[in-house]
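In our numbering, the protein residues as written are 44 to 300.
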């Protein structure tokens, strides 16, 4: 029986070894090959103020995107869970429609929408809400808007699955009270899964921060700079390993909870 269980995991092991474990082993080895001694790159990550700021920016943006995605995604999932037939199909189709365009194209689209002379500023100025265009680009605001737009489908799907799994024959009460006492608690495991997916994915965003972040640097941009421009592979590898282990810790905490 144990032998059969091992065979079930064999295809996964064969896939992960050459495409994940082996590259990560190379990166891990590289992170200890710096000229300043074993572990010096990890010490630099801890002590360097600039790197700590980049890590803070990365986790702050990922956390805010997760919160915004949840605030937008949960109501969408709640409505979709109550649709039936053709309307449910149309709703799900609209959720996945943005995936027909690449992240690069969607990020460029947000650069146009949020530009100083873009549609968003033009509408706000036109209706008199603001006098001068708001600077959305090259700061965290526009970046978080674009990333939230990209990540909302990733949180809608698990929450939608959880809401659809709730027994419709549960005792009904006042709709608001039923939502707080029944629907919300039963959907929390799926909310946790969706938030984890969004948060972890947001940690590794590169294209959107590069286009919309401006002076706000995140860890993926720093890794690219260290590896490709400064050719500091040990530091780039150390940063990658740190992000990997933080991701593993987050998934482990989700598993335990």
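Just so you know, even glycine gets a beta-carbon here, dropped at the ideal spot from N, CA and C.
Nonlocal neighbours in the same chain, by C-beta distance under 6 Å from residue i, ignoring five residues either side
i           : result
residue 126 : 134
residue 269 : 275, 278 and 279
residue 205 : 230 and 233
residue 159 : 176
residue 167 : 173
Nonlocal neighbours in the same chain, by C-beta distance under 8 Å from residue i, ignoring five residues either side
i           : result
residue 297 : 235, 236 and 239
residue 287 : 67
residue 131 : 123
Contact with chain B by residue i, beta-carbon distance below 7 Å
i          : result
residue 99 : Protein chains in the displayed structure number just one, and chain B is not present.
Own chain, CB closer than 7 Å to residue i, minus 5 neighbours either side, in chain order
i           : result
residue 277 : 73, 74, 76, 77 and 84
residue 194 : 108, 112, 241, 244 and 245
residue 161 : 155
residue 183 : 104 and 259
residue 101 : 246, 261 and 262
Delimiting residues of the alpha helix (DSSP H) encompassing residue i
i           : result
residue 164 : 162-169
residue 155 : 146-156
residue 159 : Taken as a continuous stretch (DSSP letters only), residue 159 belongs to no alpha helix (DSSP H), as it is neither H nor E.
residue 277 : 276-299
Fully enclosed by the segment 185-271, which alpha helix (DSSP H) runs are 4 residues long or longer?
218-221, 227-246, 250-255 and 262-267
If we count Cβ pairs, one from each stretch, closer than 8 Å, do we get three or more for the segment 199-211 versus the segment 171-179?
no
Counting pairs of Cβ atoms below 8 Å between the segment 83-103 and the segment 216-223, do you hit three or more?
no
Which full runs of the alpha helix (DSSP H) of 4+ residues lie inside the segment 61-144, going along the chain?
65-73, 83-90, 92-125 and 128-139
Three or more C-beta pairs closer than 8 Å, one from the segment 266-281 and one from the segment 134-146: is that the case here?
no
Contact the segment 258-268 vs the segment 113-132: 3+ CB pairs below 8 Å:
no
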